[in-house]
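Residue numbers (this note's numbering), protein chains in the order written: chain U, 1 to 353; chain A, 1 to 342.
Glycine is no exception: its CB is placed at the ideal position from the N, C-alpha and C atoms.
None of the values given here were measured: they were computed from a predicted structure.
Input: a single structure, listed below in structure tokens.
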């Protein structure tokens, strides 16, 4: 990537949730490996999309970056400054620069506070006195996110889901952040409202130059919003690339399978072969006991012995543009439209492990 | 993926209209929102039982506060034994000589048997003292319960475990037996056995002992509520902006806990009134000559075969008060938490 310090530099980020058990003395008997060794960077003003199935660790990643969760390992650096284990006091100056937008607009606003109080809360906590007073600033923010400034004294229950999410955006903007972690900001909304909110976020990103980590499971939304996209599977990034590169030339079998699963709104002509669909079989393995080697191998049709023994590194494989990293021993190629053959290791003895 | 974005302001005007159309007569300007509290108040005002019980409860509190004033206007006090100055008030068996327990235009609620005190002022002061003790115990209970409950719930972990076990023990304790057995011990700590126990000490000890056993239930309730609330995203949102734990508990969580706190308080106060009266009846609470509901009922119980009227006034007033307060508590709960309606 660029030689200058990226806004956010994450390396080897790991989060294991301990599982307590045993009687009478409770002890740690295992760990949910929610996030296991993530490496990525976010440049200033850039939007990184984070996609993957439910339970692959996307939201955990977002909460680690905003330091709502304590990382088990790895390093998070904001503008070169290590914030991996910074306490509340140490974080204070950076808090205002990294903000978060939450998934559920019905849970993310305190029902007992007025909109004005919700949005001015962050300014109060960080002791910010904008020119013209906080109330004027809140009204300005409401206008930015497309709400009526007159709603200052209203309560959240008087708003619809989309409007509430706008309030959440306004709250995140109140501190003039440089980075916003958006944790599935639109997945709780109607499709028509989704578009409005995504467009609002895009406008905010463009106008205010804010970098985004955009977590979603909707590939279309991510494609619309993000310049770069990272695909996660079971706590690891399997592929990261520029948007067009990733959608046009997916190299990881999982990425390919994900993209092929996107529904298409086209009428198939008779005789014309429809788009190839890859149907993944089986479930995502448990993150308590992930498969050895490549984590995707239990569902991959290309898996070999090598995949079971050796975890593929996230590298720029042959034929990739710079910045397009794939973690696969047998990357897909564009020219050979892959038909999905039967799994090579149909009876993998370790598959169930 | 990119449908035309409707003008952002368009849906908002709809909201404006709906608010303008809403029947709530608002004294504020149009942009003022209706807070959850205001909505609850509107619901409460529509509940006739609730409003009526609130009036009755309010009446009791007013006469409790104004007891000295009323007694002054009425011209009597609860301590004077009027029968010793005017022996004609009691018959030779020391029961009131007039009909209906000696009710007359002079002694509105009659005269107490044996000592010949004025029942009306005695009852006024009894209500005053009983309510005062119950109120103080409730306030103390709620404060202790809220602080311990929210702290345990928010901190979790070992603190929560420890507090949880203490609550378990307190709730499984036979508290009435404890009161009876332990009140003399508590008094013994402060006063030599041959000395008179001062009234203020009796009252304070009662308040402390009642609260010591009462906080557990409210603390457990709030702990559960906080456990649910602290996982909500608005708490995370506050953390992301750098809020301190104190701010999160008092500014973010506590406003969401007022509902259970108010409900618990309104149900706890009548329970304390009866508990306090029960203790006085059993002889471990307030004692004669301090006017007290329990004392009155205890005295009434020894005369009721001959003079039912004396028993009737404290008994009825207490039933009315406790019933009204409990109904008020129910109405408050319905108003604050409309989903809990049966």
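Local conformation of residue i per DSSP, three classes
{"i": "residue 82 of chain A", "result": "helix"}
{"i": "residue 137 of chain A", "result": "helix"}
{"i": "residue 286 of chain A", "result": "coil"}
{"i": "residue 20 of chain U", "result": "strand"}
{"i": "residue 33 of chain U", "result": "strand"}
{"i": "residue 160 of chain A", "result": "helix"}
{"i": "residue 181 of chain U", "result": "strand"}
{"i": "residue 330 of chain A", "result": "helix"}
{"i": "residue 312 of chain A", "result": "helix"}
{"i": "residue 377 of chain U", "result": "Chain U is shown only over 1 to 353; residue 377 of chain U falls outside these bounds and no answer can be derived."}
{"i": "residue 103 of chain A", "result": "coil"}
{"i": "residue 379 of chain U", "result": "Residue coverage of chain U in this structure runs from 1 to 353, which leaves residue 379 of chain U outside it and unanswerable."}
{"i": "residue 356 of chain A", "result": "The shown model of chain A, from 1 to 342, leaves out residue 356 of chain A, and the question about it has no answer."}
{"i": "residue 96 of chain U", "result": "coil"}
{"i": "residue 239 of chain U", "result": "strand"}
{"i": "residue 254 of chain U", "result": "helix"}
{"i": "residue 11 of chain U", "result": "strand"}
{"i": "residue 28 of chain U", "result": "strand"}
{"i": "residue 176 of chain U", "result": "coil"}
{"i": "residue 194 of chain A", "result": "coil"}
{"i": "residue 34 of chain A", "result": "coil"}
{"i": "residue 236 of chain A", "result": "helix"}
{"i": "residue 336 of chain A", "result": "helix"}
{"i": "residue 154 of chain A", "result": "helix"}
{"i": "residue 201 of chain U", "result": "helix"}
{"i": "residue 125 of chain A", "result": "helix"}
{"i": "residue 48 of chain U", "result": "strand"}
{"i": "residue 79 of chain U", "result": "coil"}
{"i": "residue 216 of chain U", "result": "strand"}
{"i": "residue 24 of chain A", "result": "At residue 24 of chain A, the pLDDT of 40 sits below 50, so the modelled position is not reliable; the number obtained from the coordinates is stated separately. Coil at residue 24 of chain A, not helix or strand."}
For residue i, the nearest candidate out of the options (CA to CA)
{"i": "residue 89 of chain U", "options": "A:282, A:300, A:241", "result": "A:241"}
{"i": "residue 15 of chain U", "options": "U:304, U:310, U:74, U:46", "result": "U:74"}
{"i": "residue 170 of chain A", "options": "A:193, A:156, A:145, A:184", "result": "A:145"}
{"i": "residue 237 of chain A", "options": "U:5, U:167, U:83, U:130", "result": "U:167"}
{"i": "residue 214 of chain U", "options": "U:299, U:125, U:223", "result": "U:223"}
{"i": "residue 116 of chain A", "options": "A:125, A:98, A:128", "result": "A:98"}
{"i": "residue 105 of chain A", "options": "A:74, A:132, A:131", "result": "A:74"}
{"i": "residue 279 of chain U", "options": "U:10, U:262, U:291, U:4", "result": "U:262"}
{"i": "residue 64 of chain U", "options": "U:244, U:327, U:235, U:304", "result": "U:235"}
{"i": "residue 276 of chain U", "options": "U:62, U:257, U:115", "result": "U:257"}
{"i": "residue 250 of chain A", "options": "U:110, U:28, U:98, U:158", "result": "U:110"}
{"i": "residue 60 of chain A", "options": "A:132, A:107, A:213", "result": "A:132"}
{"i": "residue 232 of chain A", "options": "U:76, U:206, U:108, U:136", "result": "U:108"}
{"i": "residue 177 of chain A", "options": "A:303, A:301, A:213", "result": "A:213"}
{"i": "residue 357 of chain U", "options": "U:192, U:225, U:190", "result": "Coverage of chain U is limited to positions 1 through 353, which leaves residue 357 of chain U absent and any answer about it impossible."}
{"i": "residue 61 of chain U", "options": "U:303, U:328, U:47, U:40", "result": "U:40"}
{"i": "residue 101 of chain A", "options": "A:319, A:304, A:85", "result": "A:304"}
{"i": "residue 158 of chain U", "options": "U:106, U:209, U:183", "result": "U:106"}
{"i": "residue 282 of chain U", "options": "U:330, U:292, U:297", "result": "U:297"}
{"i": "residue 116 of chain U", "options": "U:140, U:255, U:103", "result": "U:140"}
{"i": "residue 202 of chain A", "options": "A:153, A:217, A:130", "result": "A:130"}
{"i": "residue 303 of chain U", "options": "U:320, U:253, U:324", "result": "U:253"}
{"i": "residue 87 of chain A", "options": "A:155, A:114, A:69", "result": "A:114"}
{"i": "residue 134 of chain U", "options": "U:144, U:292, U:142, U:123", "result": "U:123"}
For residue j and residue i, believed in contact at Cβ under 8 Å, the rounded distance
{"i": "residue 335 of chain A", "j": "residue 56 of chain A", "result": "Not confirmed; about 17 Å, so no contact."}
{"i": "residue 251 of chain U", "j": "residue 326 of chain U", "result": "4 Å"}
{"i": "residue 82 of chain A", "j": "residue 118 of chain A", "result": "6 Å"}
{"i": "residue 188 of chain U", "j": "residue 161 of chain U", "result": "7 Å"}
{"i": "residue 312 of chain U", "j": "residue 294 of chain U", "result": "5 Å"}
{"i": "residue 211 of chain U", "j": "residue 44 of chain U", "result": "6 Å"}
{"i": "residue 68 of chain U", "j": "residue 239 of chain A", "result": "6 Å"}
{"i": "residue 112 of chain U", "j": "residue 36 of chain A", "result": "6 Å"}
Where residue i meets chain C, residues with beta-carbon distance less than 7 Å
{"i": "residue 137 of chain U", "result": "Of the protein chains in this structure, namely U and A, none is chain C."}
Please give me, in chain order, every unbroken run of the alpha helix (DSSP H) with length at least 4 that falls completely inside the region 283-327 of chain U. The region 283-327 of chain U contains, as complete alpha helix (DSSP H) runs of 4+ residues, the segments 305-309 (chain order).
Does the region 283-297 of chain A come within contact of the region 120-130 of chain U, defined as at least 3 CB pairs closer than 8 Å? With fewer than three CB-CB distances shorter than 8 Å, the region 283-297 of chain A does not count as touching the region 120-130 of chain U.
Taking only runs of the alpha helix (DSSP H) that begin and end inside the region 105-152 of chain U, which ones reach a length of at least 4 residues, in chain order? Those alpha helix (DSSP H) runs which fall completely within the region 105-152 of chain U and span 4+ residues are 115-125, 134-144.
Any chance the region 183-196 of chain U sits against the region 23-32 of chain U, with 3 or more Cβ pairs inside 8 Å? Here the region 183-196 of chain U makes no contact with the region 23-32 of chain U; the two share fewer than three CB pairs at distances below 8 Å.
Using a Cβ distance threshold of 8 Å, determine whether the region 163-179 of chain U contacts the region 54-64 of chain U, with at least three qualifying pairs required. By the Cβ rule, the region 163-179 of chain U does not count as touching the region 54-64 of chain U, because fewer than three pairs are nearer than 8 Å.
Are there three or more Cβ pairs, one per stretch, closer than 8 Å when the region 296-310 of chain A is compared with the region 194-213 of chain A? With fewer than three CB-CB distances shorter than 8 Å, the region 296-310 of chain A does not count as touching the region 194-213 of chain A.
May I ask you to verify whether the region 160-180 of chain A touches the region 262-271 of chain A, counting CB pairs closer than 8 Å and requiring at least 3? With fewer than three CB-CB distances shorter than 8 Å, the region 160-180 of chain A does not count as touching the region 262-271 of chain A.
Touch check for the region 314-333 of chain A and the region 150-161 of chain A: three-plus C-beta pairs under 8 Å? Proximity of the region 314-333 of chain A to the region 150-161 of chain A falls short of the contact definition, fewer than three beta-carbon pairs being nearer than 8 Å.
With a cut-off of 8 Å, do at least 3 Cβ pairs link the region 17-29 of chain U to the region 75-82 of chain U? Flag = no, the region 17-29 of chain U and the region 75-82 of chain U do not touch.
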